[in-house]
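Quick notes on the structure that follows.
2 protein chains.
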Amino acid sequence: MDIFTTMQDERGRLSQSEIRIADIVLNDFEFAVNASIIELAGKADVSPPTVTRFCRRLGCESFSDFKVQLARTAYVGMRYLKPEPKSIAPADVAQDIITKAQNALFLLHRGLDVAAIEQAANQLAGAEMIYAFGSGGNSSMIASELQNRLFRFGLRITSSSDHSMQLMMAAAAKPTDVLIGSSFSGRNAELVRAFMLAREAKVPTIALTQSGSPVAHAADITLPVDLPEGDNIYRPTSTRIAYLAVVDILASLVAHRIQPQATVILRRIKQQLVTHRDGDDRQLLGD
Amino acid sequence: MDIFTTMQDERGRLSQSEIRIADIVLNDFEFAVNASIIELAGKADVSPPTVTRFCRRLGCESFSDFKVQLARTAYVGMRYLKPEPKSIAPADVAQDIITKAQNALFLLHRGLDVAAIEQAANQLAGAEMIYAFGSGGNSSMIASELQNRLFRFGLRITSSSDHSMQLMMAAAAKPTDVLIGSSFSGRNAELVRAFMLAREAKVPTIALTQSGSPVAHAADITLPVDLPEGDNIYRPTSTRIAYLAVVDILASLVAHRIQPQATVILRRIKQQLVTHRDGDDRQLLGD
DNA sequence: GGTTCCTGCAAATTATTTTCTTGATAAGTT
DNA sequence: AACTTATCAAGAAAATAATTTGCAGGAACC
Chain A
16 MDIFTTMQDE RGRLSQSEIR IADIVLNDFE FAVNASIIEL AGKADVSPPT
66 VTRFCRRLGC ESFSDFKVQL ARTAYVGMRY LKPEPKSIAP ADVAQDIITK
116 AQNALFLLHR GLDVAAIEQA ANQLAGAEMI YAFGSGGNSS MIASELQNRL
166 FRFGLRITSS SDHSMQLMMA AAAKPTDVLI GSSFSGRNAE LVRAFMLARE
216 AKVPTIALTQ SGSPVAHAAD ITLPVDLPEG DNIYRPTSTR IAYLAVVDIL
266 ASLVAHRIQP QATVILRRIK QQLVTHRDGD DRQLLGD
Chain B
16 MDIFTTMQDE RGRLSQSEIR IADIVLNDFE FAVNASIIEL AGKADVSPPT
66 VTRFCRRLGC ESFSDFKVQL ARTAYVGMRY LKPEPKSIAP ADVAQDIITK
116 AQNALFLLHR GLDVAAIEQA ANQLAGAEMI YAFGSGGNSS MIASELQNRL
166 FRFGLRITSS SDHSMQLMMA AAAKPTDVLI GSSFSGRNAE LVRAFMLARE
216 AKVPTIALTQ SGSPVAHAAD ITLPVDLPEG DNIYRPTSTR IAYLAVVDIL
266 ASLVAHRIQP QATVILRRIK QQLVTHRDGD DRQLLGD
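Below, the structure written as structure tokens:
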């Protein structure tokens, strides 16, 4: 687990002096990674030994080990603590977007429910037919993405972003099928309805959504993606990147579960694309 | 600039001993961040002062500064140097995917042509009509994504993944329009043809693709995305995440350029979604 | 042959950790 | 209620370890 989380988790069990140290590190990370133990101790109004003890308590070998741990987690996973005022210079915009995207991945990874995702992969790998649902720009893309990834392994899958179709498909599905749906907000009422229908018919359901949301409650397995989106209404992308990563993990696990079959089919698809293009077979599958 | 790049760039100008140090750091990063200067010097068969000088030459304050810089860049941007043999345990698969995705973003950022992207944003913001093209799973998603993002700002845009449609649209476009196309491989011959057509008609063209590729050559502005995909044919996702980030940057820049108009329209779209859902207006735009 | 640059040694400096001690707080005991 | 004892936090000082500086020898390159 990373040092920031540890610091926040342990905060309650720390002494006064140690809390002062923790706060300085949390608030002025740049200072903390560059400071010597004496400087840090000075700023926190404690003695150097107290800093050493603080580091030990957090599970580090020594003060320098602490700094390394700190620096290691800081490149990502840190900036969300302080939403800095950014300029609109293109380089800053780019930097900001990249950082936020990396953060989203970092947070996703931290909150990932590996057991649930494995269970979901097992179910998908064994499904007779898969229905992937999602609506509204973002989630519909995730649904197509699921189709795009899974059909390549020889699985039978269809995706739909159309509420009426989703309901009809959910009604038509059998207990040997699987229904997987995505909703960034977790409040897509129509998707909830489709899940309900599936549940009545004992069709297993998987949701990619915010945990605790209506959609999450309606599904058998939830793959939670809980990210603070911030309030920048221009940019849903970092969340989407996290969803894509989940799909990627899911697809990889499914692929491992149906290995031989998948490899053969992939090779066939690739062959098709290569001969169709210009023979450079190191190129990506599907442009 | 990050320390790894600096190390690789400077390698030619380093002395024998310094190269030995650099190689050890590059090959056994874990050792390097945890080692003391004496241990590192010992392993490289040099004296501690040489290590200090090495750090200074690389632009660091001191050895510990060097270690911090190292640890900082290491979380991402490092592992692509050693493609470690990964297990298929779900947690490892997840870890691997997340890391690769973060790396892709890191590399993208490093290779980003900010001037080109700004120029592209200016052109898109001023276009009378935008045509977004891309085919084959990955790029077609990028094309829809462009549409999904830009229409919200009140821009006129359509996307197509259909070669014949692309050609007809390119033929119908005017010099006041903009054609933007994506190709992961850079070898989508049909897209090249569409670009050619556009060029004849003096329609500005923008390409998201590998630099130096046929598609790149055919476009007026290239937004290069050059990533080593590795040879895992199962997973195109990390590249796609990089492309999405480019779209995100592009869309953000466009938004800033047409600010007032965009804000009004976004608010309207959001209002629509909120009343349609359940009144929690902190939810994302478009599920 | 001179110059430049690399390099290691030893000394000096600086940083970090250990040890020891004090003081505070809380629980138990008379 | 007052006193003892235990426990723990935290600093001072000492010890240790790590890092840097200054200097000088030596190699390589004009």
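Protein chains in written order, with my numbering: chain A, 16 to 302; chain B, 16 to 302.
Ideal placement from N, C-alpha and C gives every residue a C-beta, glycine not left out.
Practice item. Leaving out five residues on either side along the sequence, give the residues of the same chain with a beta carbon under 7 Å from the beta carbon of proline 105(A). Key: Annotation for proline 105(A): no residue places its beta carbon closer than 7 Å to its own, counting only its chain and skipping 5 residues before and after.
Check your understanding: Under three-state DSSP, which class holds isoleucine 273(B)?
Key -> coil
Review point. Using the C-alpha atoms, what's the distance from threonine 191(A) back to glutamine 274(A)?
Key: Spanning the alpha carbons of glutamine 274(A) and threonine 191(A) requires a straight line of approximately 21 Å.
Practice item. Please say whether alanine 147(B) and tyrosine 161(B) have beta carbons closer to each other than 7 Å? Key: A quick correction: the sequence has leucine, not tyrosine, at residue 161(B). Going by C-beta atoms, leucine 161(B) is nearer than 7 Å to alanine 147(B).
Check your understanding: Can you find at least 3 beta carbon pairs, one from the stretch 117–132 of chain B and one from the stretch 250–264 of chain B, that sit closer than 8 Å?
Key -> Between the stretch 117–132 of chain B and the stretch 250–264 of chain B there are three or more C-beta pairs closer than 8 Å, enough to call the two in contact.
Exercise for review: Use the C-beta contact count for aspartate 302(B): other C-beta atoms within 10 angstroms, 16 or more gives buried, fewer gives exposed.
Suggested key: buried
Point to revise | threonine 252(B) versus alanine 116(B): straight-line alpha-carbon distance, rounded | key: Taking C-alpha positions only, threonine 252(B) is separated from alanine 116(B) by approximately 8 Å.
Check your understanding: Touching or not, the stretch 229–242 of chain A and the stretch 189–207 of chain A, by the rule of three or more beta carbon pairs under 8 Å?
Key -> Contact check between the stretch 229–242 of chain A and the stretch 189–207 of chain A: three or more CB pairs, one atom from each, fall below 8 Å, which counts as touching.
Exercise for review: Round the Cβ separation of isoleucine 145(A) and valine 193(A) to the nearest angstrom and send it over; I've been treating them as touching at under 8 Å.
Suggested key: 5 Å
Practice item. Please confirm whether any heavy atom of the ligand GDP lies closer than 6 Å to the CB of leucine 41(A). Key: Absence of the ligand GDP from the depicted structure is noted, as is the absence of any ligand whatsoever, leaving it without description.
**Study point:** Extent of the continuous alpha helix (DSSP H) run through glycine 126(B)
**Key:** 105–126
Exercise for review: Locate the beta strand (DSSP E) running through proline 343(B), then write down its first and last residues.
Suggested key: Because chain B in this structure spans residues 16 to 302, residue 343(B) falls outside the shown range and cannot be described.
Review point. If aspartate 241(A) sits next to glutamine 225(A), beta carbons under 8 Å apart, how far is it from one beta carbon to the other, in whole angstroms?
Key: Rounded, the Cβ-Cβ distance is 6 Å, consistent with contact.
Exercise for review: Taking the CB atoms as reference points, tell me whether lysine 58(A) and isoleucine 34(A) lie closer together than 7 Å.
Suggested key: no
Review point. Is it right to say serine 175(B) is buried, meaning 16 or more other beta carbons lie within 10 angstroms of its own, or is it exposed?
Key: In summary, serine 175(B) is buried, with 16 or more beta-carbon neighbours lying within 10 Å of its beta-carbon over all protein chains present.
Check your understanding: Under 7 Å between C-beta atoms, does alanine 131(A) make it to chain B?
Key -> no
Exercise for review: Tell me where the beta strand (DSSP E) around threonine 67(A) begins and ends.
Suggested key: Note, threonine 67(A): premise wrong, no beta strand (DSSP E); alpha helix (DSSP H) at 63–72.
Review point. Name the DSSP beta bridge partners of alanine 216(A), please?
Key: Paired residues: none, contrary to the question.
Check your understanding: What's the gap between the Cα of methionine 180(B) and the Cα of histidine 178(A)?
Key -> 28 Å
Exercise for review: Following the continuous beta strand (DSSP E) through leucine 194(B), name the residue where it begins and the one where it ends.
Suggested key: 193–198
Check your understanding: serine 267(A) by DSSP, collapsed to three states: which one?
Key -> helix
Check your understanding: Between cysteine 75(A) and phenylalanine 81(A), is the Cβ-Cβ spacing less than 7 Å?
Key -> yes
Review point. Grouping DSSP H, G and I as helix and E and B as strand, with all else coil, what is leucine 85(B)?
Key: helix
Exercise for review: Going by CA-CA distance only, name the one from Met22(A), Ile18(A), Thr67(A) and Gly149(A) that's closest to valine 207(A).
Suggested key: Gly149(A)
Practice item. Starting from the C-beta of proline 63(B), find all residues in its chain whose C-beta is less than 7 Å away, skip the five residues before and the five after it, and write them out in chain order. Key: Ile52, Ile53 and Ala56
Exercise for review: Report the option in Ile112(A), Leu120(A) and Asp107(A) whose CA atom is closest to the CA atom of aspartate 111(B).
Suggested key: Leu120(A)
**Study point:** Outcome for serine 30(B) when other beta-carbon atoms lying within 10 angstroms are tallied against a minimum of 16
**Key:** Exposed.
Review point. With a cut-off of 7 Å, does the C-beta of glycine 294(B) fall near any C-beta of chain A?
Key: Note on glycine 294(B): pLDDT 45, under 50, position unreliable in the model; no value is reported.
Exercise for review: Please work out which residues of its chain come closer than 8 Å, Cβ to Cβ, to glutamate 205(B), disregarding the five sequence neighbours upstream and downstream, and give them in chain order.
Suggested key: Ser150, His178, Gln181 and Leu182
Check your understanding: Can you name, in chain order, every residue of its own chain whose Cβ lies under 7 Å from the Cβ of arginine 26(B), other than the five neighbours on each side?
Key -> Ile34 and Ala37
Check your understanding: What is the DSSP secondary structure of isoleucine 34(A), reduced to helix, strand or coil?
Key -> helix
Practice item. With 7 Å as the threshold, decide whether the Cβ of aspartate 302(B) is near any Cβ in chain A. Key: Chain A contact via Cβ: present.
Review point. Residue range of the alpha helix (DSSP H) that phenylalanine 19(B) falls in?
Key: 18–25
Practice item. Write down the C-beta distance between leucine 85(B) and valine 48(B) rounded to the nearest angstrom, noting that I regard them as a contact closer than 8 Å. Key: 5 Å
Exercise for review: Please name the residue, chosen from Arg71(A), Ser32(A), Arg214(A) and Ser79(A), that lies closest to aspartate 60(A) on a Cα-to-Cα basis.
Suggested key: Ser32(A)
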